[in-house]
Structures are given as structure tokens and as C-alpha cells.
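> My questions all concern the structure below.
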Amino acid sequence: MAVGLTLIFGVMRVVNFAHGDMMVWGMYLAFVLATRIGLDPYLSFVLCAAALFLLGVAVQRGLVDRIVDAPHEMQILLMLGVALVLENLALAVFGPEPARIRSLLARLTWEVGPLYVDVARLVTFVV
0 MAVGLTLIFG VMRVVNFAHG DMMVWGMYLA FVLATRIGLD PYLSFVLCAA ALFLLGVAVQ
60 RGLVDRIVDA PHEMQILLML GVALVLENLA LAVFGPEPAR IRSLLARLTW EVGPLYVDVA
120 RLVTFVV
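Per numbering that gives the first Met the number 0, residue 0 is the first one in the sequence shown, and the count goes up by one each step.
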């Protein structure tokens, strides 16, 4: 996440306060794809990345392009507004309770000598 923030600020000179909120929407989209549609959580990652890319393009072209040359205060206010809208929309749609996805890999463990390796964490680390 920090790399994304640094890249956006370095290239566009806009501080994207909605960066984390877009990631939250990606996680909720993965949750919906896994629980309601039955898609594998690791496969839904690709679909979520594409959907969040499109959301980012829409925010960029619809809002950010208009204020790139504006004072930094205007940029900060806009991106805080986008963050607030995304946060409250997620709260209204999904509620305040945490959600969890059960992966098939969560049950797998490899024994490597005296160590036990959790396969789900290993896959997450590699990805």
C-alpha cells in the first residue's frame, strides 16, 4: 500500500487519502465473489484488481484531473471527501461487523523438519 501511495504522489503530486478505502472495497468485492458466487478467493484477486483499476481510472478522470493544478489544500479536501464517501458507502452496504473468507488453503500445513508452514500464509507472502 505504501508503494502505491508513494507512486501516486511522486507522479501526480496528489495525496490520495482514498487509497486505503479503495483497497477496502477490493477486499469486500473479494468477499462477495467468494461467499455469494463461490469463486476461489485467490482467483477473485485478479477480478478485484481489474475492478479497482477501473474505479481508480474513474476517480482519476472524473475528479482528480480537474484539480491537479489547484492548490494542495483543494486536492487534500477532494481526496478526503472521496475517502469519506467510500468509507460510509462500505459501512452502509456491508455493515459494521467484520467479514471473513474461508480459503481451502487455510487447512493446509506443511511440515518442514521441526517447522510447520501455513500454506495460506506462504501463498500470501509469495504473491
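Heads up, the beta-carbon is just placed ideally off N, CA and C, and yes, glycines get one too.
Could you give the residue range of the alpha helix (DSSP H) that holds E151?
As shown, the chain starts at 0 and ends at 126. That puts residue 151 outside it, with no answer to give.
> Select from R101, P97, V92 and L121 the residue whose C-alpha is nearest the C-alpha of T108.
When each option's Cα is compared against that of T108, the closest is L121.
> Run the CB neighbour count on N15, radius 10 Å, all protein chains shown included, and call it buried at 16 or more, exposed below.
Classification of N15: buried, given that the 10 Å Cβ count is 16 or more.
> If we call anything under 7 Å between Cβ atoms a contact, is I100 one with F44?
Contact flag unset, no.
> From the DSSP output, read off the bridge partner residues of E110.
Note: E110 sits in a beta bridge opposite Y115.
> Name the two residues that bound the continuous alpha helix (DSSP H) containing P40.
Segment P40 to V58, the alpha helix (DSSP H) holding P40.
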